[in-house]
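Residue numbers for the sequence shown, in the numbering used here: 76 to 153.
Written out below as structure tokens is the structure these notes cover.
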Amino acid sequence: MLTPKLHQLVAPSSKIEIMIYQYHRLISDECIGRLDQTQVVDMIKNHARFDLMNENGLAVPLKMKMALSLVPKSDDDI
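Pasting the structure below:
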């Protein structure tokens, strides 16, 4: 089975929501930060940093840096 690539799933104008969880064996998963709906095109910028908030919408002292790259269509795509 082929795994789809990011550019096959979302367009740069799409919106994405990210949640970050802390996992511990003794307690259940805990959401430690989230990024509400952000356009994928904003994540393509290499120096973009995003403030995270908790599930109540309050800012948390975490920042996330993520860089996505657009890839041209390759011969590997079927």
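All C-beta atoms in this analysis are idealised placements derived from N, C-alpha and C, irrespective of residue type, glycine included.
Bear in mind that the values here come from a model prediction, so they are computed numbers and not experimental data.
{"Check": "Local conformation of MET141 per DSSP, three classes", "Outcome": "coil"}
{"Check": "Alpha-carbon spacing of GLN94 relative to ASP111, whole angstroms", "Outcome": "In the sequence as presented, Gln is not what sits at residue 94; that position holds Met. Near 8 Å, if we compare the C-alpha coordinates of ASP111 and MET94."}
{"Check": "7 Å Cβ cutoff met for LEU127 and VAL135", "Outcome": "yes"}
{"Check": "Under the three-state DSSP convention, the category ASP117 falls into", "Outcome": "helix"}
{"Check": "First through last residue of the beta strand (DSSP E) which encompasses ASP126", "Outcome": "124-128"}
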